[in-house]
Structure formats: C-alpha cells, structure tokens
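Shown next, in structure tokens, is the structure this report addresses.
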Amino acid sequence: MGFGAAEWDAVALSLKVATWATLASLPFGIFVAYVLARYEFRGKQLVNALVHLPLILPPVAVGYILLSILGPHAPMGRFLEVVGLPVAFRWSGAAIAAAVMGFPLMVRAIRLSFEAADPKLEQAAASLGAPPMRVFATISLPLALPGILTGAILAFAKAMGEFGATITFVSNIPGQTRTLPSAIYAFLQVPGGEGAALRLVVVSIIIATGALLVSEMLARRAARRLAGS
0 MGFGAAEWDA VALSLKVATW ATLASLPFGI FVAYVLARYE FRGKQLVNAL
50 VHLPLILPPV AVGYILLSIL GPHAPMGRFL EVVGLPVAFR WSGAAIAAAV
100 MGFPLMVRAI RLSFEAADPK LEQAAASLGA PPMRVFATIS LPLALPGILT
150 GAILAFAKAM GEFGATITFV SNIPGQTRTL PSAIYAFLQV PGGEGAALRL
200 VVVSIIIATG ALLVSEMLAR RAARRLAGS
C-alpha cells in the first residue's frame, strides 16, 4: 500500500521544520561555539551548561519551558501574537523546539572543530593587520568547516526525530504541527495504523542514515580541501 496524504504531509512538514530549525540556529551555533572555544570569561561554564541543558532535561520539560515562555498566555507569546508572529501550536513553534533540541549537538561539533584549528594562524593574520571579522571569515571559518557541516547535519537529523518538546509546545495538529515522530505516535493510537507507522519509521531511518552519511562525506571532503590548501 502506498503513502497516504497524511503521511506525505508529515514527511514534508518534518523536512520543512528541520531545514528551518537548522538554518536559523546555525549562525548562533557558530558564534557560541567560537566564543566557547576561543575565549575565557567569567560564567563560561554556566554558559556551556545552559547550551547543553536540552541534552540532559527530558524533552517534555524543554517543551513545557518553551510553552511557558512563548505560549499564548506568556508575555512574550502575547507580544508575538500582537506583531503577527505567533509560534505556539504552529509549524514555526515546531521549528523552534527542534532547533533548541539540536543546538547542543551543533555547538559541540563546531566547538571541537574550532578547538582543533591552530590559533596561531589567526594570531598571525591579526599581526599582519587583518581586522577581527576578516580573520574570522577567512581563517577561522574555513578551518572549522568540517565541524560546521557535521554540526549542521547532526542538528538536522535531530530535528527530524524530535518528538517530546515538539508535541508539548505545539501539540499534534494534522497538517500544521504533525511531524514524522508525531505522526508515527498518532498512527499507533488508532486500529489499523501500524502499517502507516511502519512506513514512516522506515522513512525516518532512511533520512537519518542519509544525513549522517552526507555529514561524513562533506566533512571528509572539506578536510581534504583544507589539507590540500
């Protein structure tokens, strides 16, 4: 039996949510990873702990925190409603939840890449008169490219599989917030839905495995180019 409309909707929405979650969080992930890798400052360990908190907390707790901050009854949520950017119980909220849950994986991979790069190269460029932003753009970022690619794809894969925070924050609304994991859960709650759930599980495995393979391929290619240059 082929895929039904509800299944295709879940796949398409998951890809949309994961893509936006990754793209929106990537600049912040690069910035946080660079700061943690290159600078020592008071409260650094606290910042590092907050970044990795979603990995430790139950996903449902993360979703509840998001709902408490951005929900329709929270001050920030009401403000977003007024300016026409509501996120609770919408696909954009699912993207936020997925971004939060994938952020620690992204930062970890990028930070390790920055730490592996020789800081003397950045110091040499700065000593030649290059401004900090130029050093960052021409030296730091290219050296960290394998980690950036790995972090982005790991965050994408995590976003595709996010369930607890998403269903708590934006519920499980067909066509609006029902992503792949939510759809699998929903199909398992109805008689005769096992077949649809199994198909979506297979799709999830294929996408996650493909993302990891692409991550490895791109990281190795970037590393070879850096070694060749």
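For the sequence shown, numbering that gives the first Met the number 0 assigns the number 0 to the initial residue and increments by one for each residue that follows. The C-beta atom is built at its ideal place from N, Cα and C for all residues, glycine as well.
- At the C-beta level, Ala87 and Leu104 stay beyond 7 angstroms of one another.
- Residue state for Tyr63 is assigned as helix, using DSSP reduced to three classes.
- Contact between Phe2 and Arg198 holds, since their C-beta atoms are separated by about 6 angstroms, short of 8 angstroms.
- A Cβ-Cβ separation of about 6 angstroms places Leu120 in contact with Ile138 under the 8 angstroms criterion.
- Counting C-beta pairs with one atom in each stretch, the region 52 to 68 and the region 12 to 20 have fewer than three that are closer than 8 angstroms, which means they do not touch.
- Scanning its chain for C-beta atoms nearer than 6 angstroms, with the 5 sequence neighbours on each side dropped, one finds around Glu161 the residues Ala97, Met100, in chain order.
- Within the same chain, Arg110, Phe113, Glu114 come within 7 angstroms of Ala36 by CB-CB distance, once the 5 residues on both sides are set aside.
- Non-local beta-carbon contacts of Leu142 in its own chain, meaning distances under 6 angstroms to residues more than five positions away in sequence, involve Ala116 in chain order.
- Taking 8 angstroms as the upper bound for CB-CB distance, Ala5 and Ala123 are not in contact here, some 57 angstroms apart.
- Here the alpha carbons of Val200 and Tyr38 stand approximately 42 angstroms from one another.
- Around the C-beta of Ser126, fewer than 16 other C-beta atoms lie within 10 Å, and the residue is accordingly described as exposed.
- For Ile172, the three-state secondary structure derived from DSSP is coil.
- By the 16-neighbour rule on beta-carbons within 10 angstroms, Val81 is exposed.
- A Cβ-Cβ separation of about 6 angstroms places Arg177 in contact with Ala9 under the 8 angstroms criterion.
- In this structure, the beta-carbon distance from Thr208 to Val59 does not fall below 7 angstroms.
- 7 angstroms or more divides the Cβ of Ala156 from the Cβ of Ala73.
- In this structure, DSSP gives Gly42 a state outside helix and strand, which the three-state scheme calls coil.
- By the neighbour-count criterion, in which a residue is buried when 16 or more other Cβ atoms sit within 10 angstroms of its Cβ, Val189 is exposed.
- In the DSSP assignment, Phe155 falls within the alpha helix (DSSP H) that extends over 144 to 160.
- Within the same chain, Cβ atoms closer than 7 angstroms to the Cβ of Gln175 are found at Arg89, Trp90, the five residues on either side in sequence being excluded.
- By the CB criterion at 7 angstroms, Ser214 and Leu179 fall outside the cutoff.
- For Gln44, there are no CB contacts under 7 angstroms within the same chain when 5 residues up- and downstream are skipped.
- Per DSSP, the continuous alpha helix (DSSP H) segment holding Asp8 begins and ends at 4 to 37.
- Between the beta-carbon of Met132 and that of Ser13 there is about 36 angstroms, and that puts the pair past the 8 angstroms contact cut.
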